[in-house]
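Novice: Got a structure for you, written out below as structure tokens; questions coming shortly.
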Amino acid sequence: MKKWTPLLLLATLLLLTLGCSKKHVPKPIVIPKDATKMEVSFTWAGIDICTHDSPEIQVTGIPEGTVELQVRLKDTNVPAWNHGGGKVAYDGSGTIPAGALNQGYNGPCPPWDQRHKYEFSVMAVDDQGTIIGFGKARQLFPPKN
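So, in structure tokens, the structure goes:
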């Protein structure tokens, strides 16, 4: 039995890893061809590593008819890892306040000795749930001091 123990442990670890990894794969975003192009900007200033604190996000060019902004964060170095995002009611300001993505959002968390490029995608959604606008922005994290 001792001869098989390392093999069984390795097989168990492999199955657990593969089973868990599928939970982190985000669904692809399908943007209609006629969606309005929006401009998105943000800064990582004041955001700590591996937290659930989202930065303030500025969005311009939001189309008329928008009732909600949906946001998704992706680590472009590890695109299969789902950092989540959130939904915010559109108030007409074009600002998604810092901390607004507090449920389902996992902030940037690269390995301690690396910088990764992260991308926020923002979708404008109408009252029918249709994406009518889309924009994205990328920045490295952690930011240079």
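Mapping of the sequence shown onto mature numbering (1 follows the signal peptide of the UniProt record, and there is no 0): residues -22 to -1, 1 to 123, in sequence order.
Glycine residues also receive a C-beta, built at the ideal position from the N, C-alpha and C atoms.
#1: Once you ignore the five residues that flank S(-2) on each side, which residues in its own chain have a CB closer than 8 Å to its CB?
#2: Closest to S71 by C-alpha separation, out of G85, P88 and E46, would be which residue?
#3: Can you tell me whether DSSP reads G24 as helix, strand or coil?
#4: Taking the CB atoms as reference points, tell me whether I7 and M101 lie closer together than 8 Å.
#5: What residue does the beta strand (DSSP E) around Y96 start on, and which one ends it?
#6: Give me whichever residues DSSP pairs with V66 in a beta bridge.
#7: Roughly how many angstroms separate the alpha carbons of T38 and V18, rounded to a whole number?
#8: How many angstroms separate the CA atom of R50 from the CA atom of D69?
#9: DSSP puts G113 in a beta bridge; with which residues?
#10: In whole angstroms, give me the CA-to-CA distance for R116 and N55.
Specialist: Taking the coordinates as given:
#1: Residue placement at S(-2) is flagged as unreliable, the pLDDT there being 42, under the threshold of 50; a coordinate-derived value is accordingly withheld.
#2: E46
#3: coil
#4: yes
#5: H94 to V103
#6: L47
#7: 7 Å
#8: 19 Å
#9: V100
#10: 12 Å
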